[in-house]
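Chains as they are written, first to last, in our numbering: chain A, 78 to 269; chain B, 78 to 269. For reference, the structure discussed in these notes is given below.
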DNA sequence: ACCCGATCCTAGCAGCGCTAGACAATCGAG
DNA sequence: CTCGATTGTCTAGCGCTGCTAGGATCGGGT
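So this is what it looks like as structure tokens:
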């Protein structure tokens, strides 16, 4: 029995290695550089091994996305819990969100830009994604204002942050004024 | 001399054909389906002909993006000019923007999600892109509010719309509540 | 009528995601 | 301890991608 357990542990370890390697490679050289061949070479196995863990490249992206979602949830909660008062909490949340997107662009892409084969806004959405949204909701629900559904407010605020994150990184927006845009967003959207 | 002119006309016509075909194919089957081979086959020329007009696939995407930007500017101005009062104008603008993104997803992707090799937020940004931003600015500058730079306000509002457009289309947001999210956005962001 | 330059196509390169089938290592039964 | 079955891994290859070198062909100018 322990032989089987050891094998399963090794398998799980290798799966983590695949995800971590894919993430690192994507973060360093972009997702285009994450090819099954390169990935296989880095983990020192042949290509088909990847397909014994994941159905394809899509699912690897999805795995990175889930890992990222869990980390983002932690980062957001850490930022909000360190701030006093609803307004400062929202500002801290927004900064933490954009900071995460800026410092983990490949992970952010895996979560929200690429197709990782994950379900969103469903009952069968994976737990880490629901939890990341919950982290947003916990903070933003406080400032939705009267007569506005907290989830709807959260979605809208999130969309605004997502727009800032993606347009800035795609050089569609000059990065210098990000702080002022965030300030404007918080000032106008949050009811305190 | 007229021979040369005829040839140039024919060349220009073929270039338009390439762009239109790429756009149609992308709109119908997604950008992944727009391969140089398929594109060449549809215009009834061989692949290398594409490269005598554009440096590569990237530039073809860029050409579609420019065409789309011009159309979007027209659509936005048409929507705003049909509305009375700043508030209704902003609502109309937001709806027109999201409508354009929804009905021309491939063109929208070419403009804002894919790399078409175009410069943004620069002095050497192509004219159609600057003009599309100008169309936003004309309407949104009115409602920036005191002490807020119109361009900064426009960028922020635009980012929010972009976030809604992309997250909705990527199924990250349920599409039913789009209208309410827009209403919330206009209510809170625009100063009337 | 001929030549020469412009124009276009055939063929091919390296790399992609993914998989069939061969091969080796390991396990359980006799 | 040996043998067959199972499991795990690799080599090789398919059809596709974006892109390009080099040869053929066509048409205008002399």
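Glycine included, every Cβ here is placed at the ideal spot set by N, Cα and C. Source: prediction; values computed, not measured.
Quiz prompt | Neighbouring residues, chain A, relative to residue 107(B) (Cβ below 7 Å) | solution = As a first step, residue 107(B) is located in the second chain; it is residue number 30 there, counting from the start. Within 7 Å Cβ-Cβ: nothing; residue 107(B) doesn't reach chain A, min ~11 Å.
**OP:** Report yes or no: is there a C-beta of chain A within less than 8 Å of the C-beta of residue 232(B)?
**Re:** For the purposes of this step, residue 232(B) is taken as residue 155 along the second chain, with counting starting at 1. By this cut-off, residue 232(B) is an interface position.
* **Best match in 241(B), 124(B) and 219(B) for proximity to residue 231(B) [C-alpha to C-alpha]** => As a working note, residue 231(B) is residue 154 in the second chain. Selected option, being the one with the closest Cα: 219(B).
Host alpha helix (DSSP H) of residue 139(A) (start-end): Walking along the first chain from the start, residue 139(A) turns up at place 62. Looking at the DSSP string, the run of the alpha helix (DSSP H) that includes residue 139(A) is 134-158.
For residue 120(A) and residue 239(A), the rounded distance between their alpha carbons: The count along the first chain starts at 1 and reaches residue 239(A) at position 162. The count along the first chain starts at 1 and reaches residue 120(A) at position 43. For residue 239(A) and residue 120(A), the distance between alpha carbons rounds to 33 Å.
So which residues on chain B does residue 240(A) lean against when the C-beta distance must stay under 9 Å? Working through the first chain from its first residue, we reach residue 240(A) at position 163. Near residue 240(A) (Cβ distances below 9 Å), the residues of chain B are 233, 235, 236, 237, 238, 239, 240, 241, 242, 243 and 244.
The segment 127-139 of chain B touching the segment 169-178 of chain B, judged by at least three CB pairs closer than 8 Å: no
Quiz item: When the Cβ atoms of the segment 90-104 of chain B are set against those of the segment 141-161 of chain B, are three or more pairs found closer than 8 Å?
Solution: yes
* For residue 153(B) versus residue 183(B), is the C-beta spacing smaller than 8 Å? -> For the purposes of this step, residue 153(B) is taken as residue 76 along the second chain, with counting starting at 1. For the purposes of this step, residue 183(B) is taken as residue 106 along the second chain, with counting starting at 1. No; because the gap between Cβ atoms is not below 8 Å, this pair is not in contact.
Identify which residue in 145(B), 95(B) and 147(B) has its Cα closest to the Cα of residue 130(B). Counted from its first residue, the second chain places residue 130(B) at position 53. Here the closest residue by C-alpha is 95(B).
Three or more C-beta pairs closer than 8 Å, one from the segment 109-117 of chain B and one from the segment 164-171 of chain B: is that the case here? no
>> Let's see if you can read the secondary structure: which residues bound the alpha helix (DSSP H) around residue 206(B)?
In response: For the purposes of this step, residue 206(B) is taken as residue 129 along the second chain, with counting starting at 1. Residues 204-217.
- prompt: Can you tell which of 82(B), 225(B) and 229(B) has its C-alpha closest to the C-alpha of residue 251(A)?
  reply: Within the first chain, the letter at position 174 stands for residue 251(A). Selected option, being the one with the closest Cα: 229(B).
Going by DSSP in three states, residue 122(B) sits in which element: helix, strand or coil?
Position 45 of the second chain, counted from the first residue, corresponds to residue 122(B). Residue 122(B) falls in the coil class under three-state DSSP.
Query raised in the report: How would you list, in chain order, the residues of chain B whose beta-carbon sits under 7 Å from the beta-carbon of residue 251(A)?
Result: Translated into the one-based positions of the first chain, residue 251(A) becomes position 174. In chain order: 198.
| query | Are the C-beta atoms of residue 189(B) and some chain A residue less than 8 Å apart? | reply | Reading the second chain from its first residue, position 112 is the one you call residue 189(B). Output row for residue 189(B): interface = yes.
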